[in-house]
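Enquirer: Residue numbers (the working numbering): 5 to 116.
Glycine residues also receive a C-beta, built at the ideal position from the N, C-alpha and C atoms.
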Ligand code: HEC
C-alpha cells in the first residue's frame with residue numbers, strides 16, 4: 005500500500021471510526037446490562053458470571069473496527085481473508101481461538 009493511499013484511507017475513515025468506536029462502547033455496555041438482567045440465576049449464583057462464548061461475528065464487530073471501518077466480508081475472498089487475518093489478528097491482539105472464529109465467519113460470509 006502506498007503512502008498516499010494509506011493517508012487517504014485514514015483521512016476519510018478516522019472520524020467515522022471514532023464515532024463507531026464510541027457507539028460500540030455504548031452498545032457493549034447496553035449489551036452487558038441486558039445480559040445481566042436476562043440471567044435469572046444472576047442474583048443467587050455464587051459461582052460467578054457465566055462466560056458467554058462470543059461468535060466470530062461478535063468478535064469481528066468488537067475488535068475489527070477499532071482502527072478502521074469494518075470491511076465487508078464480501079470485499080475479499082477466502083484466500084485473501086486468510087492472509088489478512090494473519091496480519092490483523094496481531095493488530096487486534098486476538099488469541100488464536102478467537103482469530104479462528106473471526107476467520108471462519110469472514111470466509112463463510114465471503115462465500116468464495
Ligand atoms: C491496531 C489497529 C488495527 C486493528 C485492531 C485492525 N486493523 Fe485492519 N488495518 C489496520 C491498518 C493500519 C490497515 C492499513 C494498512 C495495512 O494494510 O497494513 C488495515 C487494513 C485492513 C484491511 C484492508 C486491506 C486492504 O488492502 O484494503 C482489512 C480488510 C482489515 N484491515 C481487516 C481487519 C480485521 C478483520 C481486523 C480484526 C481482526 C482488523 N483489521 C483489525 C489496522 C488495524
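Evaluate residue 76 with the Cβ neighbour count: other Cβ atoms within 10 Å of its Cβ, from every protein chain shown; 16 or more gives buried, anything less gives exposed.
Expert: Residue 76 is exposed by the Cβ-count criterion.
Enquirer: Going straight from the alpha carbon of residue 95 to that of residue 52, what length do you get?
Expert: Roughly 31 Å between the two C-alpha positions.
Enquirer: The alpha helix (DSSP H) with residue 60 in it runs from where to where?
Expert: First-last of the alpha helix (DSSP H) with residue 60: 60-67.
Enquirer: Quick one: Cα of residue 78 to Cα of residue 55, how far?
Expert: Cα-Cα distance, rounded: 31 Å.
Enquirer: How is the alpha helix (DSSP H) around residue 74 delimited, first residue to last?
Expert: That residue, residue 74, is in no alpha helix (DSSP H); it is neither H nor E in DSSP.
Enquirer: From the DSSP output, in three-state form, read off residue 94 for me.
Expert: Three-state DSSP puts residue 94 in a helix.
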